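Converting from the sequence shown to the working numbering requires adding 77 to each position, the first position being numbered 1.
Just so you know, even glycine gets a beta-carbon here, dropped at the ideal spot from N, CA and C.
These numbers were taken from a predicted model, which means no experiment stands behind them.
Comments concern the structure below.
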Amino acid sequence: MEASVSNFLLLFASIAVGWLLGRLGRSKVELPAPVDDSNSYYKGLNFLLNEQADEAVLTVVNELPVRLETLPTHLALGNLMRSKGEVEAAIHIHQNLLSRPSLPRVELHKVHLELARDYISAGLLDRAERLLRDLVDESQGYRAEALEHLRHIYQTEKEWEQAIAVAVQLLPKRGWLRRAQDKSPQLVEKALSHYHCEIAERLLSDGDLKAAKRELVKAERYDSDCLRVGLLLAALSMRQGRAGEALAVLQELLRSQPLWAMQILPLFKNAFSEMASTAEYVDALSRFGATTDSSYLAVELAGALAEVKGKAEALTYIQSVVKRRPTFKTLSCWLSLSDAEGQAELRLAIDEVLATRPVYQCRHCGFSGRKLHWLCPSCEQWGTIAPVRGTQGD
């Protein structure tokens, strides 16, 4: 707390000194009575000493003239209040600036953007949307930032068509001017792919398979490596009675993204059951198991082996997997296939541990959980969550 008060005191003192020097530099006719400046200064200082930093900031804002040279101070104080969670104070500061039409147009646009951010922080998304749309139409300098904020608003509200309409405006024109190292367009393209997937899922739920296919084609155009697109295309093919097409898609996913075996295998098994025998399913899993280091695939193969060739062969297989790369999941499978006394309790204990451990983790921010989120709830990045690897994961 002492450090916080000291920081505010330094900020307040620097503003007050600059303000007083500016006042003293004017003509004697414009110079206000010394008692007024002194009262304002000591009023703000008293707030600081009593750890009422918010009131001190508002005192400075209310007393500090609004001019081009003081605008950065007003903006800094407004942003400070917003970052501290004092959104109403931030809105007051920025609305106060907008009431001064004498400011240059480009500076007013900057204030508009900050006020929109205040509204977003306050959850007043309709107000923020109106301000941001005005900026998109009127400000070339802040257009991209306004579009990005609009994209996040529509994403939050799950208004996917609106999000797409805004996101496409953020994409650069194709050509040699686009820098290969620029990651921003790639992030927008990844987001666009998921927006179309969201719409496709809704259409699949409604039974509109043709429209869903159109959305998935668009999604694949933006991100050809998107796992979600492949899974939805396979699900669509199954709904259309085309198990062969679904199987081809899923086999390619297992080859290219074996880390996601836990998501792919349920659909893969369903597609195989429509076309082939369990023995052929075992052969297919064995081929992938030879090149794929996945506990989920190993456990699935062990279960299929037990059904086709007997528990003894399945046990031999899973033991070899555990010796090569032990995980709780493969160890639990080993115990389930073994008939030794006392191992049932051990298996239950392992399963209890697994039931409490995170299954997925975000590669961008580290968020973890047991549910798959295509959009990370923490950092709000699309497609960054992946299965956990290691002894307690895959």
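By alpha-carbon positions, which one of L304, C303, V326 and R305 ends up nearest to S314?
V326
Count the C-beta pairs between the stretch 424-444 and the stretch 234-249 that are closer than 8 angstroms, then say yes if the count reaches three, no if not.
The stretch 424-444 and the stretch 234-249 do not touch, with fewer than 3 CB-CB distances between them shorter than 8 angstroms.
Is L304 near G460, with beta carbons less than 9 angstroms apart?
In this structure, G460 lies closer than 9 angstroms to L304 by Cβ.
Which whole-angstrom value describes the C-beta separation of V245 and C274, a residue pair presumed to lie in contact below a C-beta threshold of 8 angstroms?
In fact, because the Cβ distance is near 16 angstroms, the residues do not count as touching under 8 angstroms.
Let me know the alpha helix (DSSP H) ranges lying completely inside the stretch 216-276, each 4 residues or longer, listed in chain order.
220-233 and 237-244
What's the C-alpha gap between E236 and S160?
27 angstroms
By Cβ distance, which residues of its chain are closer than 7 angstroms to V376, with the 5 residues on each side in sequence left out?
Only K406, T407 and C410 meet the Cβ criterion.
Which of helix, strand or coil DSSP assigns to H169
helix
Mapping the DSSP letters down to three states, classify W459 as helix, strand or coil.
strand
Would you tell me roughly how many angstroms separate the C-alpha atoms of K295 and L310, rounded to the nearest one?
12 angstroms
DSSP-derived helix/strand/coil call for L452
strand
Who pairs with Y437 in a beta bridge, going by DSSP?
G446 and P464
What three-state label does DSSP hand K386 in the structure shown?
coil
For S270, which residues from the same chain have a beta carbon less than 7 angstroms from its beta carbon, with the 5 sequence-adjacent residues on both sides left out?
A296, Y299, D300, C303 and V306
Collapsed DSSP secondary structure at G155 in the structure displayed:
helix
With distances taken from CA atoms, which of H151, R204 and V213 is nearest V188?
H151
Taking the C-alpha atoms as reference points, what is the distance between A221 and A463?
If I take the Cα positions, the gap works out to 30 angstroms.
Is C410 helix, strand or coil when you go by DSSP?
helix
Classify T368 as helix, strand or coil using the three-state DSSP reduction.
helix
Residues of its chain near L145, where Cβ-Cβ distance is below 8 angstroms and the 5 sequence neighbours each way are ignored
L180, P181 and E184
How many angstroms separate the CA atom of E191 from the CA atom of A153?
10 angstroms
Residues in the same chain with beta-carbon distance under 8 angstroms from M352, minus the five sequence neighbours each way, listed in chain order, please.
A320, G321 and L324
Could you check if T404 is buried or exposed, using at least 16 other CB atoms within 10 Å of its CB as the buried criterion?
buried
Between the alpha carbons of A379 and R447, how many angstroms are there, rounded?
Approximately 24 angstroms between the Cα atoms of the pair.
In three-state terms, what does DSSP make of S179?
It is coil, neither helix nor strand.
Should R261 go down as buried or exposed, given a rule of 16 or more other Cβ atoms within 10 Å for buried?
The amino acid at residue 261 is misidentified as Arg; the sequence shows Ser. Exposed: under 16 other Cβ atoms inside 10 Å.
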